[in-house]
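Peer 1:
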Amino acid sequence: MAAISAPRPSKTESYIDNKRKEDIRHANIKAACAVADAIRTSLGPKGMDKMISTASGEVIITNDGATIVNKMEVLQPAAKMLVELSKSQDSAAGDGTTTVVVIAGSLLKQCLTLLSAGIHPTVISDSLHKASIKAVDVLTAMAISPPKTDIEQSIVVSDYAQMDRILKEERNYILGMIKKIKATGCNVLLIQKSILRDAVTDLSLHYLAKAKILVIKDVERDEIEFITKTLNCLPIANIEHFKEEKLGYADLVEEVSLGDGKIVKITGIKDIGRTTTVLVRGSNQLVLDEAERSLHDALCVVRCLVSKRFLIAGGGAPEIELSRQLGAWSKVLHGMEGYCVKSFAEALEVIPYTLAENAGLNPITIVTELRNRHAQGEINTGINVRKGQITNILEENVVQPLLVSTSAMTLATECVRMLLKIDDIVTVRGGGKASFDGKGCGGSSRGRFEAANQRRQKNHHNHHQEEEEEE
Ligand SMILES: Nc1ncnc2c1ncn2[C@@H]1O[C@H](COP(=O)(O)OP(=O)(O)O)[C@@H](O)[C@H]1O
Ligand SMILES: [Mg+2]
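So the number in the numbering used here is just where the residue sits in the sequence shown, counting from 1, plus 248.
#1: Grab the span of the beta strand (DSSP E) containing VAL307 for me, first residue to last.
#2: In whole angstroms, what is the alpha-carbon distance linking LEU328 and SER304?
#3: Within the chosen definition, does the stretch 564-577 reach the stretch 586-602 through at least 3 CB pairs nearer than 8 angstroms?
#4: May I ask you to verify whether the stretch 281-292 touches the stretch 315-323, counting CB pairs closer than 8 angstroms and requiring at least 3?
#5: What three-state label does DSSP hand VAL436 in the structure shown?
#6: Less than 9 angstroms between the C-beta atoms of ILE232 and MET390, yes or no?
#7: Based on Cα-Cα distance, which residue from VAL549, LEU543, GLY507 and GLU644 lies nearest to ASN532?
#8: If we count the other Cβ atoms within 10 Å of its Cβ and call it buried at 16 or more, is HIS368 buried or exposed?
#9: Please state if the CB of ILE568 and the CB of LEU618 are separated by a distance shorter than 9 angstroms.
#10: In this structure, what does DSSP give as the bridge partners for THR639?
#11: Taking the straight line between their C-alpha atoms, what separation do you get for ALA365 and VAL664?
#12: Suppose the cutoff is 8 angstroms on Cβ atoms and the five residues either side in sequence are ignored; what does the same chain contact list for ASP685 look like?
#13: Less than 8 angstroms separating the Cβ of ILE520 from some heavy atom of ligand 1?
#14: With three or more beta-carbon pairs closer than 8 angstroms as the criterion, would you say the stretch 347-365 touches the stretch 582-595?
#15: To which residues of the same chain is LYS294 closer than 6 angstroms at the C-beta, ignoring the five residues directly before and after it?
#16: Residues in the same chain with beta-carbon distance under 7 angstroms from ASP338, minus the five sequence neighbours each way, listed in chain order, please.
#17: Within 8 angstroms: the Cβ of LEU603 and any heavy atom of ligand 1?
#18: Touching or not, the stretch 654-668 and the stretch 372-387, by the rule of three or more beta carbon pairs under 8 angstroms?
#19: Of the choices GLY509, LYS513 and CYS552, whose alpha-carbon is the least far from that of GLU502?
#20: Considering only C-alpha positions, which residue in the set ALA383, MET299, ILE300 and ARG273 is nearest to THR361?
#21: Less than 8 angstroms separating the Cβ of GLY608 from some heavy atom of ligand 1?
#22: Figure out for me which residue from THR449, VAL504 and GLY521 has the closest Cα to the Cα of LYS477.
#23: In whole angstroms, give me the CA-to-CA distance for THR616 and GLY292.
#24: First and last residue of the beta strand (DSSP E) that includes MET390?
#25: With a threshold of 6 angstroms on Cβ separation, who are the neighbours of VAL405 within its own chain once the five nearest residues in sequence on each side are excluded?
#26: Please name the residue, chosen from ILE381, SER578, GLU270 and ILE422, that lies closest to THR661 on a Cα-to-Cα basis.
#27: In the DSSP assignment, what residue or residues form a beta bridge with ILE464?
#28: What residues in its chain sit with their C-beta under 6 angstroms from that of LEU438, if we drop five residues either side in the sequence?
#29: If you draw a straight line from the alpha carbon of ILE484 to that of PHE490, how long is it in whole angstroms?
#30: Within 9 angstroms (strictly less), CB to CB, does ASN420 reach chain C?
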């Protein structure tokens, strides 16, 4: 067992780490892989759900990677990094939270092989970095522009001060206003919630009722744009601007009871805007919560398109293409670097493999055929989970934002590189708490680190009498 002394070995020399460092690194990688393996089955449209039961007795059913790892009580510090990884992806892209962890897990597995082949962690780390930059380039080259959307930037801000002043006027003034409103033929008023005080006074409500004008008050300010767009009407901040042409038209405005609450339903809208209301209903809170999480992911996909206006094919097509192109590139590279890039390329196959597996298809056949088709230049061929076969996935309209894929690639690589560079775990004992998390690492793991420390001291005197201790 040779400990590494000051000069770093050249890239061609094989790297032999000291046993303890190797142990720590392996333990870390194994722990992180365990997290990745745990959520692998929830990847893709045919992925399974997880039922999570928390210590407080709360039960959550979800398919969302970020939620699963977040709720898992991971204690091992390296495994926790995968939890953080999923969170980073969630804030960077909002979707792809399972993908990022699965890719990281697959990369880590490849790293184990590379490490055991005697390649220095720094060489692996640098090569992975290089590969991930190349991967982003390849993905960007594959991207297509999304169809044009009509997200308008016009925001109508009401003049509160003016609105307030008007409402302070005498009842005559109120009557005057109602007269003007009535004159336009308006019989339903939607009134924005005021941040200062009640938007409508009792008196005005009274007169409005007398004039047979239905009032829906306390409309949230951030819903105004949505509502005006849907109803094809315009917001009015000033009574002087209350004109007939600003009104929308609907056959029926009614209040309906739905479950426990009441909603205002507007039907038969003339020239209805291209908006959608999603009313999520479910038999229980668990279903509702998961539906909301799925909607959140879907909305994040739209958000991604605003920041990076490109889409790429889904269904494992980009990963296979990446794997193929990086594999070809690795042959041009020299020495260990080429070897590491090749491993990176192979690691990416985990996505199509898992998608096929989760859809009940034969993963080996599918991945082999995919590779074959991509080699023939069909770069958009992916797994069509609905038909259970390989097709041009763009024709199926299975697309995802470029940002989701590039961010998953970059973040996963970063996380793996960070894990590779850790060669020791140091537990600081302060106030009886372990340092890695507020809740404490748990007695058993601390005991293990201490045992390891003692063993290191012993080994310092005698390198050759080392006892293996595997977890
Ligand atoms: N209809 C589909 N057919 C094939 N693959 C799909 C389909 N819908 C999604 N996918 C693939 O599933 C993966 C995303 O799965 P998902 O469960 O949403 O995980 P994540 O949390 O990573 O977003 C992506 O690789 C995407 O290309
Ligand atoms: Mg998703």
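Glycine residues also receive a C-beta, built at the ideal position from the N, C-alpha and C atoms.
Peer 2: Inspection of the coordinates gives the following:
#1: Counted from its first residue, the sequence shown places residue 307 at position 59. Start and end: 307-310.
#2: Taking the first residue of the sequence shown as position 1, residue 328 is located at position 80. Taking the first residue of the sequence shown as position 1, residue 304 is located at position 56. The sequence as given places Lys at residue 328; Leu does not occur at that position. Taking the straight line from one Cα to the other gives about 21 angstroms.
#3: yes
#4: yes
#5: Taking the sequence shown and counting its residues from 1, the one referred to as residue 436 is at position 188. If DSSP states are grouped into helix, strand and coil, VAL436 belongs with the strands.
#6: Outside the shown range of the chain (249 to 719) lies residue 232, about which nothing can therefore be said.
#7: As a first step, residue 532 must be located in the sequence shown, where it is residue number 284. Per the Cα distances, GLY507.
#8: In the sequence shown, counting from the first residue as 1, residue 368 sits at position 120. Classification for HIS368: buried.
#9: For the purposes of this step, residue 618 is taken as the residue at position 370 of the sequence shown. For the purposes of this step, residue 568 is taken as the residue at position 320 of the sequence shown. Against a cut-off of 9 angstroms, the Cβ pair of ILE568 and LEU618 comes out as a contact.
#10: As a first step, residue 639 must be located in the sequence shown, where it is residue number 391. Answer by DSSP bridge pairing, in chain order: GLY630.
#11: Translated into positions along the sequence shown, residue 365 becomes position 117. Translated into positions along the sequence shown, residue 664 becomes position 416. If you take the alpha carbons of ALA365 and VAL664, they lie about 18 angstroms apart.
#12: As a first step, residue 685 is located in the sequence shown; it is residue number 437 there, counting from the start. Note on ASP685: pLDDT 44, under 50, position unreliable in the model; the coordinate value appears next. Excluding positions up to five away in sequence, the list reads LEU323, PRO325 and LYS328.
#13: Working through the sequence shown from its first residue, we reach residue 520 at position 272. Because no heavy atom of ligand 1 lies under 8 angstroms away, the Cβ of ILE520 does not count as near it: no.
#14: yes
#15: Working through the sequence shown from its first residue, we reach residue 294 at position 46. Result list for LYS294: ASN606, ALA607 and VAL633, in chain order.
#16: Locating residue 338 in the sequence shown gives position 90, counting from the first residue. Within the same chain, ASP338 has close Cβ partners ALA314 and THR345.
#17: Residue 603 sits at position 355 when you count from the first residue of the sequence shown. Yes, the Cβ of LEU603 comes within 8 angstroms of a heavy atom of ligand 1.
#18: yes
#19: In the sequence shown, residue 502 corresponds to position 254, counting from 1. It is LYS513.
#20: By 1-based counting over the sequence shown, the position of residue 361 is 113. Considering only alpha carbons, the answer is ARG273.
#21: The residue given as residue 608 occupies position 360 in the sequence shown. It does not: the Cβ of GLY608 is nowhere closer than 8 angstroms to a heavy atom of ligand 1.
#22: Looking up residue 477 in the sequence shown gives position 229. LYS477 has its Cα closest to that of GLY521, out of THR449, VAL504 and GLY521.
#23: In the sequence shown, residue 616 corresponds to position 368, counting from 1. In the sequence shown, residue 292 corresponds to position 44, counting from 1. Using only the alpha carbons, I get a separation of about 19 angstroms.
#24: Counting from one through the sequence shown, the residue named residue 390 turns up at place 142. MET390 -> not in any beta strand (DSSP E); alpha helix (DSSP H) instead, spanning 369-390.
#25: As a first step, residue 405 must be located in the sequence shown, where it is residue number 157. Confidence is the limiting factor: at VAL405 the pLDDT is only 43, short of 50, which leaves the residue's position unreliable and the question unanswerable from this model.
#26: Stepping through the sequence shown from its first residue, residue 661 is reached at position 413. Of the candidates ILE381, SER578, GLU270 and ILE422, the one whose C-alpha sits nearest the C-alpha of THR661 is ILE381.
#27: Mapped onto the sequence shown, residue 464 falls at position 216. In DSSP, ILE464 forms a bridge with LEU438.
#28: For the purposes of this step, residue 438 is identified with residue 190 of the sequence shown, where counting begins at 1. Only ILE464 and VAL467 meet the Cβ criterion.
#29: Position 236 of the sequence shown holds residue 484. Position 242 of the sequence shown holds residue 490. Their backbone Cα atoms lie some 6 angstroms apart in a straight line.
#30: The displayed structure is made up of one protein chain only, and chain C is not part of it.
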